[in-house]
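A.B. asks: I have a structure here, written as structure tokens, and I will follow up with some questions on it.
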Amino acid sequence: MKKFLKEWKLGTDFGVLALRLAMGFGLFYAHGMGKLGKLFSGAEIHFMDPIGLGEKLSFGLVAFAEGICSILVMVGLFTRFAVVAPIITMLVIVFSVHSGGAFKELELPFLYLIGYFAIFLTGGGKHSIDRLITK
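The following block contains the structure:
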């Protein structure tokens, strides 16, 4: 039983990788890819402006967080820096956009917030480009 409960380094390394891939792919595929496509298509942008930055700037920042940063997280490049934008985005969504709403509306952004914060704490891990760069 002690052996089972002891930290398993290989499991931890692959756990961080799995978390990075799940969080990065989920956010990119479900949200970032479409926003980046719209951003570069030249289409007119109508987007919420919860903190008063303007529709276009708000959209650009969210597209950067959900598109570019999620890719950086997946590959583990500049991981701790890359998670800051999605964390801020999810904080705005949870505490401004959906504040006062049902938990059902907050659940997914809240889970992304927790997952990205966990990645911020752990860094990219052993299986990341960050590790190759700093070796």
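Numbering (the numbering used here), first residue to last: 8 to 142. Quick reminder that beta carbons are idealized off the backbone N, C-alpha and C, glycines included.
Could you give the residue range of the alpha helix (DSSP H) that holds V69?
C.D. replies: Here the question's residue 69 lines up with position 62 in the sequence shown. Unbroken alpha helix (DSSP H) run through V69: E62 to A70.
A.B. asks: Let me know the secondary structure DSSP gives F85 once reduced to three states.
C.D. replies: What you label residue 85 is simply residue 78 of the sequence shown in a count that begins at 1. Residue state, collapsed to three classes: coil.
A.B. asks: Within this structure, are the beta carbons of H134 and L24 separated by less than 9 Å?
C.D. replies: Working through the sequence shown from its first residue, we reach residue 134 at position 127. Working through the sequence shown from its first residue, we reach residue 24 at position 17. Contact: yes.
A.B. asks: Taking 9 Å as the cut-off, decide whether the C-beta atoms of V101 and F117 are in contact.
C.D. replies: Residue 101 sits at position 94 when you count from the first residue of the sequence shown. Residue 117 sits at position 110 when you count from the first residue of the sequence shown. Yes, the pair counts as a contact, with Cβ atoms nearer than the cut-off.
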